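Asks:
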């Protein structure tokens with residue numbers, strides 16, 4: 055089913071630096087129009103007014119504004135989950151940044167709450183706008199690599215600049231979500247480990263086995279004086295991808311490389327996908343399924359670190 059193509063009026067719950075970023079980005083679009091914000095104690099009401107938004111100090115009053123089609127929750131920390139539930143209980147549609155949750159049971163509970171609400175639950179994934187990931191995904195989808203057999207991603211993060219979600223570095227979680235998109239299937243087992251670091255910064259790695267038998271290894275090293283990244287390496291049954299190059303072997307076992315176009319990086323892609331979820335039920339269902347899988351994978355990584363053992367996943 056495809057819904058109306060009319061512009062959506064958006065209310066932002068939270069006006070911290072994350073909220074301000076999204077407010078600025080949305081103000082540049084015509085299909086998503088910011089109309090209201092909740093300052094939520096950040097004392098930035100004047101900034102919301104500067105974008106032509108009505109500013110509320112009270113969430114209940116904000117959620118009663120009938121002009122709002124969709125509430126974008128940008129609050130973080132302990133208030134985040136309560137804010138999502140509050141919006142759904144009010145019967146309003148809500149969008150939240152990925153990861154949806156670090157707990158698969160909690161993620162499933164949110165889906166149930168959305169089904170019982172008059173509103174809908176949508177998930178934004180800014181990390182899928184990465185050019186290297188998109189190039190790798192394009193090559194996997196094209197069939198040039200054959201069936202993916204092994205995948206690897208290494209990130210060298212800037213020491214002291216990382217943010218976390220559920221105790222795990224956000225860049226690491228972004229790569230886990232990219233892995234789920236590249237593999238298109240769920241994980242079956244995880245073995246996580248800590249890696250060497252600098253000072254208090256400790257690296258993190260995880261070997262993930264997918265239900266098809268495909269294996270992936272992800273490493274995050276927050277110990278570099280500058281941010282570096284090697285990106286995705288995909289070894290397929292007939293070819294490979296690395297660094298915007300596709301590698302193919304001839305019948306004579308000669309290997310040659312072919313450059314692939316570097317996809318443009320457009321911050322608007324995140325919101326394009328939000329519109330797609332709103333208008334296309336099939337795509338929306340796919341995104342929610344991935345959100346639950348990601349929650350399960352994050353939970354498994356944390357358990358594996360705690361137990362120092364392989365953790366299996368169901369479903």
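Residue numbers (our numbering): 55 to 369. Idealized CB from N, CA, C, for every residue including glycine. Keep in mind the model is a prediction, meaning the values are calculated, not measured.
How far does the beta strand (DSSP E) with residue 311 in it extend, from its first residue to its last?
Replies: Against the chain shown, residue 311 aligns to sequence position 257. Note, residue 311: beta strand (DSSP E), 309 to 313.
Asks: Assuming contact is defined by CB atoms lying nearer than 8 Å, are residue 233 and residue 256 in contact in what I supplied?
Replies: The sequence position of residue 233 within the chain shown is 179, counting from 1. The sequence position of residue 256 within the chain shown is 202, counting from 1. Not closer than 8 Å, so no.
Asks: Taking 8 Å as the cut-off, decide whether the C-beta atoms of residue 92 and residue 67 are in contact.
Replies: Numbered from its first residue, the chain shown carries residue 92 at position 38. Numbered from its first residue, the chain shown carries residue 67 at position 13. Yes. Within cutoff.
Asks: Considering only the alpha carbon of each residue, which of 133, 147 and 140 lies closest to residue 62?
Replies: Sequence index remark: in the chain shown, residue 62 carries index 8 (1-based). Among 133, 147 and 140, the Cα nearest to that of residue 62 belongs to 147.
Asks: What residue does the beta strand (DSSP E) around residue 88 start on, and which one ends it?
Replies: Against the chain shown, residue 88 aligns to sequence position 34. Residue 88 -> beta strand (DSSP E) spans 86 to 92.
Asks: Runs of 4 residues minimum, wholly inside the segment 182 to 238: which ones carry the alpha helix (DSSP H) assignment?
Replies: As far as the segment 182 to 238 is concerned, its whole alpha helix (DSSP H) runs of at least 4 residues are 185 to 196 and 224 to 237.
Asks: For residue 349, count neighbouring Cβ atoms within 10 angstroms of its own Cβ and tell me buried if that reaches 16, exposed if not.
Replies: Within the chain shown, the letter at position 295 stands for residue 349. Classification for residue 349: buried.
Asks: What ranges does the alpha helix (DSSP H) occupy inside the segment 99 to 128, keeping only unbroken runs of at least 4 residues that lie completely in it?
Replies: You should have 99 to 104 and 113 to 117.
Asks: Using 8 Å for Cβ pairs, my map puts residue 190 next to residue 236. What's the rounded Cβ distance?
Replies: The residue labelled residue 190 in the question sits at position 136 within the chain shown. The residue labelled residue 236 in the question sits at position 182 within the chain shown. Right, the Cβ-Cβ distance comes to about 6 Å (below 8 Å), so this counts as a contact.
Asks: Go through its chain and collect everything with a Cβ distance to residue 55's Cβ below 7 Å, but skip five positions before and after it.
Replies: By 1-based counting over the chain shown, the position of residue 55 is 1. Note that residue 55 scores 38 on pLDDT, short of 50, meaning its location in the model is unreliable; the coordinates nonetheless yield the value given after this. Answer for residue 55: 335, listed in chain order.
Asks: Leaving out the 5 sequence neighbours to the left and right, which residues in its chain are closer than 6 Å to residue 108 when beta-carbon positions are compared?
Replies: As a working note, residue 108 is residue 54 in the chain shown. So the qualifying residues of the chain are 90.
Asks: Pull up the distance between the alpha-carbon of residue 362 and that of residue 264, whole angstroms please.
Replies: Here the question's residue 362 lines up with position 308 in the chain shown. Here the question's residue 264 lines up with position 210 in the chain shown. Each residue's alpha carbon lies about 19 Å from the other.
Asks: For the beta strand (DSSP E) holding residue 299, just list the boundary residues, first then last.
Replies: In the chain shown, counting from the first residue as 1, residue 299 sits at position 245. Counting along the chain, the beta strand (DSSP E) containing residue 299 begins and ends at 299 to 303.
Asks: Expressed to the nearest angstrom, what Euclidean distance is found between the alpha-carbon atoms of residue 113 and residue 225?
Replies: Residue mapping note: residue 113 aligns to position 59 of the chain shown, counting from 1. Residue mapping note: residue 225 aligns to position 171 of the chain shown, counting from 1. Roughly 31 Å separates the two Cα atoms.
Asks: Whole angstroms is fine: what's the gap from residue 229's alpha carbon to residue 182's?
Replies: Here residue 229 refers to the residue found at position 175 when the chain shown is read from its first residue. Here residue 182 refers to the residue found at position 128 when the chain shown is read from its first residue. Taking the straight line joining both Cα atoms gives about 9 Å.
Asks: Taking the CB atoms as reference points, tell me whether residue 282 and residue 210 lie closer together than 8 Å.
Replies: The residue you call residue 282 lines up with position 228 of the chain shown. The residue you call residue 210 lines up with position 156 of the chain shown. The answer is yes: Cβ separation under 8 Å.
Asks: In whole angstroms, what separates the C-alpha of residue 370 from that of residue 240?
Replies: With the chain covering only 55 through 369, there is no way to say anything about residue 370.
Asks: Among the candidates 158, 77, 168 and 314, whose CA atom is the shortest distance from the CA of residue 367?
Replies: Residue 367 sits at position 313 when you count from the first residue of the chain shown. Considering only alpha carbons, the answer is 158.
Asks: In angstroms with no decimal places, state the Cα-to-Cα distance between residue 83 and residue 75.
Replies: In the chain shown, the residue the question calls residue 83 occupies position 29. In the chain shown, the residue the question calls residue 75 occupies position 21. Whole-angstrom Cα-Cα distance: 13 Å.
Asks: Taking a contact to mean a Cβ-Cβ separation below 8 Å, would you say residue 331 touches residue 77 in this structure?
Replies: By one-based count along the chain shown, residue 331 stands at place 277. By one-based count along the chain shown, residue 77 stands at place 23. No; because the gap between Cβ atoms is not below 8 Å, this pair is not in contact.
Asks: In chain order, what residues of the same chain lie with their CB nearer than 6 Å to the CB of residue 246, ignoring the 5 residues before and after it?
Replies: The residue labelled residue 246 in the question sits at position 192 within the chain shown. So the list reads 260, 355, 358 and 359, once near-sequence residues are dropped.
Asks: I think residue 365 touches residue 270, with their Cβ atoms under 8 Å apart; what is that distance to the nearest whole Å?
Replies: Position 311 of the chain shown, counted from the start, is the residue given in the question as residue 365. Position 216 of the chain shown, counted from the start, is the residue given in the question as residue 270. At roughly 15 Å, the Cβ-Cβ gap does not stay under 8 Å, so residue 365 and residue 270 are not in contact.
Asks: Using 8 Å as the Cβ pair cut-off and three pairs as the minimum, do the segment 135 to 146 and the segment 164 to 174 touch?
Replies: Result yes; three or more Cβ-Cβ pairs closer than 8 Å.
Asks: Distance, Cα to Cα, residue 275 vs residue 207?
Replies: The count along the chain shown starts at 1 and reaches residue 275 at position 221. The count along the chain shown starts at 1 and reaches residue 207 at position 153. Roughly 11 Å separates the two Cα atoms.
Asks: Going by the DSSP bridge assignment, what does residue 273 pair with across the sheet?
Replies: On the chain shown, residue 273 is found 219 positions in, with the first residue counted as 1. BP columns for residue 273 point to 208 and 259.
Asks: Select from 160, 291, 133 and 73 the residue whose C-alpha is nearest the C-alpha of residue 342.
Replies: Taking the chain shown and counting its residues from 1, one reaches residue 342 at position 288. It is 160 whose Cα lies nearest to the Cα of residue 342.
Asks: Determine which residues share a DSSP beta bridge with residue 264 and list them.
Replies: By one-based count along the chain shown, residue 264 stands at place 210. Beta-bridge pairing links residue 264 to 241.
Asks: Taking the continuous beta strand (DSSP E) assigned at residue 175, which residues delimit it?
Replies: Taking the chain shown and counting its residues from 1, one reaches residue 175 at position 121. Where residue 175 is concerned, the enclosing beta strand (DSSP E) stretches over 175 to 178.
Asks: Just checking my contact of residue 203 with residue 289 at CB under 8 Å: how many whole Å lie between their CB atoms?
Replies: Your numbering for residue 203 matches position 149 in the chain shown. Your numbering for residue 289 matches position 235 in the chain shown. Their Cβ separation, rounded to whole angstroms, is 5 Å, which keeps residue 203 and residue 289 in contact under 8 Å.
Asks: For the beta strand (DSSP E) containing residue 148, list its first residue and its last residue.
Replies: In the chain shown, counting from the first residue as 1, residue 148 sits at position 94. Counting along the chain, the beta strand (DSSP E) containing residue 148 begins and ends at 147 to 151.
Asks: If you draw a straight line from the C-alpha of residue 115 to the C-alpha of residue 329, how long is it?
Replies: Numbered from 1 along the chain shown, position 61 holds the residue referred to as residue 115. Numbered from 1 along the chain shown, position 275 holds the residue referred to as residue 329. Cα to Cα, the separation comes out at about 26 Å.
Asks: From the DSSP output, which residues share a beta bridge with residue 339?
Replies: Numbered from its first residue, the chain shown carries residue 339 at position 285. BP columns for residue 339 are empty, so no partner.
Asks: Straight-line CA distance for residue 72 to residue 308?
Replies: In the chain shown, the residue the question calls residue 72 occupies position 18. In the chain shown, the residue the question calls residue 308 occupies position 254. If I take the Cα positions, the gap works out to 49 Å.
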